[in-house]
Each structure stands twice: as C-alpha cells, then as structure tokens.
Amino acid sequence: MTWDILIHRGTVIDGSGSPGIIGDVALHAGRIAALGPALAGEAKKVIDATGLAVTPGFIDIKTHSDFVLPINPKAESKVRQGVTTEIVGHCGFSVAPVLPGKAELLADYLSGGAPWLPFREMSFPQYLDTFPAVAVNTGMLVGHNTLRLMVMGLEDRAPTKRELEEMIALLEDGLRAGALGMSSGLFTPPGSFAQEDEIMALCAVLKRHNAGYFTHIRDESNKVMEAVEEAIDIARACGVHTEIVHLKCSGVDNWGKAAQILDKIAAARAAGCDIDCDAYPYAAGANPLKNLLPPWIQIGGKETMLARLALPEVRARIRSEFAEHGLNNWGRIASWEAVQISISPRVPQTAGQTVAALATARGCDPIDQICDHLIADGGATRVLITSIDEDDIRTIVRSPTALVGSDGNCVATYGIVSQGMPHPRFYGTFPRVIGRYVHDERLIPLERAIYKMTGGPAKALKLRDRGLLKEGSRVENATHTGATPGIVLRRRGDGSVG
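The opening residue of the sequence shown carries number 5 in the numbering used here; numbering runs sequentially from there.
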C-alpha cells in the first residue's frame with residue numbers, strides 16, 4: 005500500500021520505557037500503520053529522521069491551561085515542547101460548574117490565575133460541549149474547590165448533609181459528561197477547610213464512575229509526611245486511582261525528605277494501592293501571593309480579605325505565624341529574596357522584583373509590602389517561590405512512580421498571556437528533563453524520561469490510542485503550525501479515555 009507518511013531511520017522510542025531502536029514508522033489515515041527496522045512500501049511523504057528520536061506526543065498530566073486556552077488556542081509554549089495533550093482543572097480549580105449568581109464569586113476566587121477569563125453561569129457538561137477548538141487535546145477535571153465554593157462559599161466548616169449531596173450531584177454531572185476525575189487543592193481555601201471524610205465521600209463517587217483523584221496535598225512543607233499519608237489513606241479506602249500532583253518537599257526544614265516520601269508511596273503501591281505522583285523539574289514553585297498567607301485570611305471572600313489585610317493587628321498576626329511556621333504550604337524560606345513577583349495586573353512594573361527588594365525600596369517590613377501589594381493589586385498577584393532542594397528533585401525524577409507534569413499554562417510572547425514573568429516551566433519543563441537529567445547529568449535514560457511523558461501518563465489516565473507508538477495508535481504532530489486540531493477527551497463508562 006501507499007502510506008501517507010514514512011518516518012525513516014529514526015530512533016524509535018515507543019513510550020513504554022523499552023530501549024529505542026533504529027527503524028521506520030509508517031503513518032496512514034491519522035494512525036500508525038506499521039513499525040519496523042526497515043519497512044518496504046511507498047509513501048506520499050518521506051521524512052528522514054536519521055539522528056533524531058521518534059516518540060509519541062507528550063502528555064502534560066498536570067496543567068492549568070484551562071485558564072488560558074480559550075484566549076490562546078495555539079498553545080505554542082506547549083506544542084513547541086512536544087506536548088499534544090494537556091490535563092486541566094487541577095489543584096481544585098476548575099472554571100466550571102458555575103451556578104446561577106456565582107460567576108463573580110468564582111471570578112474573584114480565580115483572579116490570581118485567570119484575571120482575563122470571563123465567567124458565566126455554566127454546567128460542567130456545557131463547559132465540555134462549548135470548549136473551543138485548540139491546538140492540543142484536553143482532558144478536564146472537576147475541581148473540588150470550585151464545587152465547595154459553589155455550594156458553601158469560603159466558609160470554614162464541614163458541609164451539611166444537603167450541601168455534601170449538592171457537591172456530589174455537581175461532581176456526578178461532570179463525570180457523566182466525560183470529566184476524567186476530580187482534583188483537590190487541600191492547601192488553600194476552601195479546600196483546606198474540608199476534612200478527610202468529605203474528600204472520601206466524593207472519591208466514592210469517583211470509584212463508581214471509574215474516574216481518578218488528583219490531589220494537591222494538604223501540605224507540601226512542614227507536614228508533608230502527614231499529607232502524603234492522607235492521600236494514601238484516601239486511595240486505599242476508596243479504591244480510586246490517586247495522583248499526588250507536583251510532589252515536592254518545600255521549605256529548608258524539609259529538604260532531604262523526598263526519598264522517605266517515595267518509599268511511602270512505593271510501599272502503598274506494593275500493598276495494592278493505585279497511587280502515583282508527578283513533578284516539575286524546578287526549585288521554584290508558583291502561586292497566587294494570597295496563598296502564601298495563613299488560610300484564615302481568605303475567609304469571607306476577596307473584598308473581606310483585602311479589608312482585613314489593611315489592619316495592623318492582622319499584619320502582626322501574620323508576622324507571628326510566619327515566624328513560627330514559615331509560608332503557608334511552602335515552609336521556611338532562606339530570605340524574602342526567594343519570593344519574586346511574577347504577574348501583577350495592576351502593578352505590572354513590579355514583575356521580576358523580589359519582595360525583599362520592593363520592601364527595601366519602600367523602607368518597610370516584608371509583611372507590610374506583601375499586604376500593601378495585594379491591596380493595590382486587588383488580590384491578583386502571582387509569585388515565584390524558590391523553596392525546593394535540587395537533590396530532592398533528582399530523587400523524584402529517578403523514581404519509577406513519578407511522572408512529568410509542568411503545572412504550567414500555555415502562554416505566548418504576545419497578547420494578554422504575555423504579561424509579567426511567568427515561571428520557566430511554562431516554556432521549558434519537558435526540554436529541561438531531557439536536557440538536564442538525561443543528557444547532562446545522565447540521571448535517567450532517555451527511554452525512561454519519555455515514558456514519564458507519554459506511556460506513563462497514558463496508563464495513569466487510561467488513555468486509549470495515545471501515549472505509545474504501536475500499530476493503530478493515533479498520530480499526533482507536535483509541529484507548531486497554528487492549527488487547532490485538539491479534541492476534548494472524555495472518560496467512558498469503563499474508565500477509558502478517548
């Protein structure tokens with residue numbers, strides 16, 4: 005037969021973790037038609053891949069690109085890395101469902117991550133059905149924080165029986181429409197107000213639907229061990245696939261704990277628990293600045309928070325809690341040089357400057373600088389926080405249970421998504437893993453790195469026809485052309501996704 009494309013003499017790395025082989029890959033009608041060391045046959049187009057690697061399209065299993073894809077559908081910063089599929093709606097933050105009268109509440113809540121995104125009343129099925137054509141495939145998660153916000157607002161208490169039933173109904177609505185699962189963000193309000201039994205009740209729904217649970221654990225710093233144990237307990241008790249997202253040991257007091265955490269995860273897996281993790285290869289994280297403050301700051305919503313931040317007694321309490329515990333969820337940092345303004349919509353000239361430098365320039369205390377900046381910026385400031393040990397990153401990258409996820413948006417060097425100084429992971433996660441940890445340090449072989457970006461995520465997500473180079477698999481071209489061929493991936497009743 006005559007194939008559409010023949011990729012000739014490349015190093016074929018199939019995504020399974022197996023050693024690469026020199027060979028050919030034939031493509032026809034959007035599928036892989038044949039693979040072999042030297043395929044015989046005609047092709048409309050022949051690509052000489054001598055000296056190049058041929059891999060599946062990368063799957064970014066941990067992103068927040070739902071905040072930007074509607075206004076940046078070309079997704080250049082991801083496609084140019086080789087990403088063809090993104091999983092969005094993480095950390096408890098999904099942009100749907102939006103109940104009647106709650107659009108402004110959700111817009112205020114997500115202002116630190118998506119100040120440009122319009123919000124309107126919308127069910128999760130409507131969200132999936134109306135998601136625009138974009139360059140990458142997208143799989144959607146229902147955010148627990150969004151569910152809680154819709155039903156309970158920013159209240160620090162357990163849900164009533166009726167409120168829990170409302171959250172369950174909203175979750176089921178999304179799952180029936182094809183959501184891949186639920187995400188939680190137990191580090192920040194309102195997710196941090198939820199106790200384990202609330203999460204288990206929702207995970208029982210996930211189990212019924214063969215869906216997954218993706219968790220930003222309750223603490224990634226001083227109580228990271230307890231937070232990992234909570235995730236394992238939920239996975240074991242509910243029998244759901246659980247992924248600990250962007251695993252890290254944040255704060256100088258917690259450096260060196262990665263091996264112990266991974267041992268806990270490995271022991272749980274050996275005992276039959278379906279749990280894994282992902283990570284990004286950088287020593288800095290990123291978050292809304294407000295999330296570095298104690299969670300009680302956010303009770304009552306944005307306007308209440310901003311009014312609270314102006315009070316001297318509140319600032320004194322923040323200083324006291326910082327002195328004792330460090331940053332909320334991030335732990336103790338070396339200095340305020342470790343916190344850098346990334347995006348500040350109303351004070352854009354501060355992007356790239358550290359809290360220490362800004363405080364020194366004003367002659368004020370760093371806590372006053374943070375509070376004043378949040379007030380001036382309407383709570384929308386995002387920051388980079390350097391708080392992770394490079395040796396812990398290496399330990400996680402080496403782990404067979406750790407996948408690669410950017411925790412980043414698809415951005416561009418133009419338009420509204422070019423503002424500020426975004427985290428470098430937005431542009432560089434996948435090249436950095438291959439460049440630093442495969443090529444430079446030889447920490448892991450290339451085939452293992454590719455597995456963490458392709459076959460591993462596909463297995464965790466139960467993706468059909470993606471993540472592996474094999475006959476019948478879909479062909480996905482990671483060459484930036486400006487086209488928008490991506491589809492919304494939907495979970496089927498058996499749990500598979502396509």
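All C-beta atoms in this analysis are idealised placements derived from N, C-alpha and C, irrespective of residue type, glycine included.
Use the C-beta contact count for residue i: other C-beta atoms within 10 angstroms, 16 or more gives buried, fewer gives exposed.
i: D112; result: buried
i: E14; result: For the sequence presented, residue 14 should be read as Gly rather than Glu. G14 should be labelled buried.
i: V437; result: buried
i: C414; result: buried
i: Q85; result: buried
i: K252; result: buried
i: Y455; result: buried
i: S324; result: exposed
i: H68; result: buried
i: L315; result: exposed
i: M171; result: buried
i: H443; result: exposed
i: Q353; result: exposed
i: V58; result: buried
i: E451; result: buried
i: L56; result: exposed
Would you identify the three-state DSSP class for residue i, choosing helix, strand or coil?
i: Y418; result: coil
i: M309; result: helix
i: A406; result: strand
i: C253; result: coil
i: C281; result: strand
i: L121; result: coil
i: V501; result: strand
i: V102; result: strand
i: L467; result: strand
i: M204; result: helix
i: R180; result: helix
i: R222; result: coil
i: M425; result: coil
i: S115; result: coil
i: K261; result: coil
i: Q108; result: It is Glu, not Gln, that sits at residue 108 in the sequence shown. The answer is helix: DSSP assigns E108 an H, G or I state.
i: V351; result: coil
i: C375; result: helix
i: G432; result: helix
i: F97; result: coil
i: G195; result: helix
i: D381; result: coil
i: I172; result: helix
i: Y548; result: Examination of residue 548 is not possible in this model, given that the chain is present from 5 through 502 alone.
i: P163; result: coil
i: G276; result: coil
i: Y286; result: coil
i: L315; result: coil
i: D369; result: coil
i: I448; result: coil
i: P299; result: helix
i: D393; result: coil
Thinking residue i and residue j are a contact (beta carbons under 8 Å), I'd like their distance in whole angstroms, please.
i: F97; j: L114; result: 6 Å
i: M154; j: L103; result: 5 Å
i: L39; j: G27; result: 6 Å
i: D381; j: V351; result: 5 Å
i: C281; j: E247; result: 6 Å
i: H250; j: G216; result: Between G216 and H250 the Cβ distance is about 16 Å, and since that is not below 8 Å, they are no contact.
i: T142; j: E90; result: 6 Å
i: R161; j: F197; result: 7 Å
i: R429; j: Y284; result: 5 Å
i: N510; j: G356; result: Since the first residue of the chain shown is 5 and the last is 502, residue 510 is not available in this structure.
i: K66; j: H94; result: 6 Å
i: G471; j: T458; result: 5 Å
Based on DSSP bridge pairs, tell me the residues matched to residue i.
i: N291; result: V387
i: Y217; result: M186, T246
i: Q344; result: T358, L388
i: L331; result: G335
i: G412; result: T67
i: V492; result: T142
i: T6; result: E46
i: M229; result: BP columns for M229 are empty, so no partner.
i: R478; result: R35
i: M126; result: V102
Quiz prompt | Those runs of the beta strand (DSSP E) which lie wholly inside the stretch 133–161 and span at least 3 residues | solution = 141–147
Self-check item: Length at least 4, wholly inside the stretch 8–95: the alpha helix (DSSP H) runs in chain order
Solution: 80–83
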